[in-house]
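One rule links them: number in this note's numbering = place in the sequence shown (from 1) + 1. Where a beta carbon is used, it is the ideal one built from N, C-alpha and C, also for glycine.
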Amino acid sequence: MENSENFTTKIIPLLDEKAKWYDTEELPRLLEGYRLLHACVKSLFDFLVKKSLITPDPYKLDKKINDIKAPDGKQFVETERSTVMGQRLSDYESMLDFLSNYYKFSTAHLSLTNIKKLNDLNNSFHWANFTINNSKTNTRVLANIVAEGRQSSDTLTSSMIGDSLSKASKAMNDINAILKDYTEFRKEFYKGQIRRNVFSQSGFSAEKAFSSPMEEMNQIKKNFAAGMGKAAFISELIEEIIQEDQGEKKEEARNKTLAKMSITSKKQSTKQEKKVDTKAMLLESLLTLGGLPSVLQAILEKVKANHDLLEASHTTMFEKFKRMLRKAFNLEEPPLYYPIIIVEHGTGAKKHEKINYNQFIADIATKAKRYTIFTQKKSQGYSKIVSMEEPKLFDFLSAQVTDCNRLLVLLNSLDDYFKAVATPQEKTRIKGLKIDITNMKNLVIKTNQKRADYASYIEEVEQMKRLGISI
Numbered sequence: 002m003e004n005s006e007n008f009t010t011k012i013i014p015l016l017d018e019k020a021k022w023y024d025t026e027e028l029p030r031l032l033e034g035y036r037l038l039h040a041c042v043k044s045l046f047d048f049l050v051k052k053s054l055i056t057p058d059p060y061k062l063d064k065k066i067n068d069i070k071a072p073d074g075k076q077f078v079e080t081e082r083s084t085v086m087g088q089r090l091s092d093y094e095s096m097l098d099f100l101s102n103y104y105k106f107s108t109a110h111l112s113l114t115n116i117k118k119l120n121d122l123n124n125s126f127h128w129a130n131f132t133i134n135n136s137k138t139n140t141r142v143l144a145n146i147v148a149e150g151r152q153s154s155d156t157l158t159s160s161m162i163g164d165s166l167s168k169a170s171k172a173m174n175d176i177n178a179i180l181k182d183y184t185e186f187r188k189e190f191y192k193g194q195i196r197r198n199v200f201s202q203s204g205f206s207a208e209k210a211f212s213s214p215m216e217e218m219n220q221i222k223k224n225f226a227a228g229m230g231k232a233a234f235i236s237e238l239i240e241e242i243i244q245e246d247q248g249e250k251k252e253e254a255r256n257k258t259l260a261k262m263s264i265t266s267k268k269q270s271t272k273q274e275k276k277v278d279t280k281a282m283l284l285e286s287l288l289t290l291g292g293l294p295s296v297l298q299a300i301l302e303k304v305k306a307n308h309d310l311l312e313a314s315h316t317t318m319f320e321k322f323k324r325m326l327r328k329a330f331n332l333e334e335p336p337l338y339y340p341i342i343i344v345e346h347g348t349g350a351k352k353h354e355k356i357n358y359n360q361f362i363a364d365i366a367t368k369a370k371r372y373t374i375f376t377q378k379k380s381q382g383y384s385k386i387v388s389m390e391e392p393k394l395f396d397f398l399s400a401q402v403t404d405c406n407r408l409l410v411l412l413n414s415l416d417d418y419f420k421a422v423a424t425p426q427e428k429t430r431i432k433g434l435k436i437d438i439t440n441m442k443n444l445v446i447k448t449n450q451k452r453a454d455y456a457s458y459i460e461e462v463e464q465m466k467r468l469g470i471s472i
């Protein structure tokens with residue numbers, strides 16, 4: 002009996018200390034996890050509604066939430082997919098909103114019963130295994146819907162959705178890890194409450210209880226309601242108490258329980274993440290465009306060579322004479338236009354356009370000179386770029402990407418024009434632009450991806466701020 006009282010005296014302060022640690026460190030981390038998950042799910046929900054892939058629940062605002070409840074996970078017919086998944090995802094998002102803003106994450110409130118409710122909610126969607134082959138109906142169907150939405154979206158939007166899914170997976174992994182450890186603590190806390198509240202009852206006879214395991218069980222049952230109120234009687238955990246008091250391996254059982262009370266602060270063990278330098282992300286994107294001058298120079302030389310080849314063979318003696326007179330009297334050459342056909346991406350529609358050759362050549366030369374500055378960090382031009390505020394720098398970068406994409410379209414069409422108008426004898430001497438266009442395209446795609454990563458990160462930060470989360 003005395004041995005048991007000593008263990009009780011030792012374990013209860015440790016339980017209280019760990020409860021305080023959960024209240025001040027781990028459960029606030031759990032709340033942060035749910036807030037991050039909510040932000041990701043809200044972003045996903047809005048995306049699918051905008052794409053008209055799900056129908057939002059029209060009664061969402063009328064539903065009052067007082068407790069944790071997981072959305073339905075039963076099978077449904079394919080024709081109801083938009084409506085059913087719209088309602089289920091809406092219910093899930095509302096529940097996460099409830100947890101993020103109204104639920105009390107404390108050891109006084111988060112009982113074993115409530116942990117089970119949270120686990121049921123967490124299993125509504127498997128973010129860590131978000132695939133179209135998942136065995137769970139909600140996850141599998143939603144994964145298919147999201148895949149459809151991303152397929153019909155631009156690169157930036159698709160990247161942002163992918164980022165949300167990745168962060169949802171990480172948030173859920175963190176949530177489940179905290180809940181798993183907390184569940185073990187909560188079981189020990191329950192046992193500690195019995196030792197504290199039941200063993201101290203006037204009707205509890207320690208002499209009888211510790212005379213045999215059966216008597217200890219009888220004494221706990223007899224005084225349970227008086228000491229624990231409406232708490233559930235969990236036979237399995239009470240058996241553990243008896244094993245710690247009177248079992249053949251009671252010392253081993255006690256040591257195991259004491260070991261569970263050790264505290265490892267995540268705040269101390271986790272390295273603080275470096276703050277992301279968002280401006281450096283933009284400058285790195287511009288640096289990628291710094292690889293364009295050599296590509297543009299090669300394109301420029303080939304375009305000029307093709308132009309000279311066609312001009313030499315198609316110019317009459319009279320036109321050569323007029324050109325000689327203009328040169329003698331220092332007169333400007335009349336503008337030369339190349340008629341090209343632009344095929345619109347996606348629709349395949351054809352549009353006729355004219356390129357002013359001299360202006361086009363000058364434009365390429367200007368771009369090559371401009372992009373050279375992006376790699377000359379000691380130049381005055383680069384200093385001006387660095388001094389720009391982030392929003393303006395982002396707009397400047399976006400303008401360069403748009404400009405380059407426009408140039409790629411024109412170069413493709415001009416390359417086709419040169420090959421189409423050249424005579425059979427000239428075609429062997431025409432310099433193709435496809436390889437250079439591909440090199441330029443790869444650099445532009447890489448730049449645009451970095452730009453998209455920046456935009457995605459900024460959007461995430463802003464969304465976290467709106468939810469009161471600092472990252």
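Looking at the DSSP output, residue 354 sits in a beta bridge with 341. Nearest to residue 432 by C-alpha distance, out of 128, 403, 301, is 301. A straight line joining the alpha-carbon of residue 360 with that of residue 457 spans about 37 Å. Two segments are said to touch when three or more pairs of C-beta atoms, one from each, lie closer than 8 Å; by this definition the stretch 278 to 295 touches the stretch 364 to 372.
For residue 111, the three-state secondary structure derived from DSSP is coil.
For residue 196, the three-state secondary structure derived from DSSP is helix. The shortest C-alpha to C-alpha distance from residue 138 to any of 74, 146, 442, 362 is the one to 74. Inter-residue distance for residue 98 and residue 66 is about 10 Å (C-alpha atoms, whole angstroms). With contacts defined by Cβ atoms closer than 9 Å, residue 282 and residue 455 form a contacting pair. Here the C-alpha atom of residue 71 lies approximately 27 Å from the C-alpha atom of residue 236. Along the stretch 120 to 194, the alpha helix (DSSP H) occurs as fully enclosed runs of 4 or more residues at 138 to 152, 156 to 194, listed in sequence order. Listed in chain order, the non-local C-beta contacts of residue 122 below 7 Å within the same chain comprise 69, 71, 96, local neighbours out to five positions each way being set aside. With fewer than 16 other CB atoms across the displayed protein chains lying within 10 angstroms of its CB, residue 363 is exposed. Here residue 295 carries a helix assignment [DSSP, helix/strand/coil]. In its chain, beyond the 5 residues on either side, 16 have a beta carbon closer than 6 Å to the beta carbon of residue 190.
In the same chain as residue 366, and ignoring 5 residues on each side of it, the C-beta atoms closer than 7 Å to its own belong to 301, in chain order. Less than 9 Å divides the Cβ of residue 156 from the Cβ of residue 449. With a contact defined as Cβ atoms closer than 8 Å, residue 38 and residue 146 miss out at about 19 Å.
The distance from the Cβ of residue 192 to that of residue 238 is about 6 Å, consistent with a contact at the 8 Å cut-off. Around the Cβ of residue 387, a 10 Å sphere holds fewer than 16 other Cβ atoms; the residue is exposed. Annotation: residue 108 to residue 19 spans about 10 Å, alpha carbon to alpha carbon. The distance from the Cβ of residue 128 to that of residue 170 is about 4 Å, consistent with a contact at the 8 Å cut-off. Leaving aside the five residues that flank residue 205 on each side, the residues in its chain whose CB is nearer than 7 Å to its CB run, in chain order, 199, 220, 224. If you compare the alpha carbons of 47, 46, 307, 31 with that of residue 423, the shortest gap goes to 307. Where residue 262 is concerned, there is no enclosing alpha helix (DSSP H), because DSSP gives it neither an H nor an E.
Residue 23 and residue 184 have their C-alpha atoms roughly 12 Å apart.
Contact between residue 438 and residue 412 holds: their C-beta atoms lie close to 5 Å from each other, under 8 Å. Counting the other CB atoms within 10 Å of its CB gives residue 419 a total of 16 or more, which places it among the buried residues. Look at residue 95 here: in three-state DSSP terms it is helix.
The shortest CA-to-CA distance from residue 376 to any of 251, 285, 77, 404 is the one to 285.
Looking at the backbone, the Cα of residue 244 and that of residue 207 are separated by about 16 Å.
Taken atom to atom, the span from the alpha-carbon of residue 111 to that of residue 231 is near 15 Å. The three-state secondary structure of residue 389, taken from DSSP, is coil. Distances from the alpha-carbon of residue 91 to those of 262, 103, 62, 80 put 62 closest. For residue 423, the secondary structure class from DSSP, reduced to helix, strand or coil, is coil.
Straight through space, the alpha carbons of residue 167 and residue 345 are spaced by roughly 34 Å.
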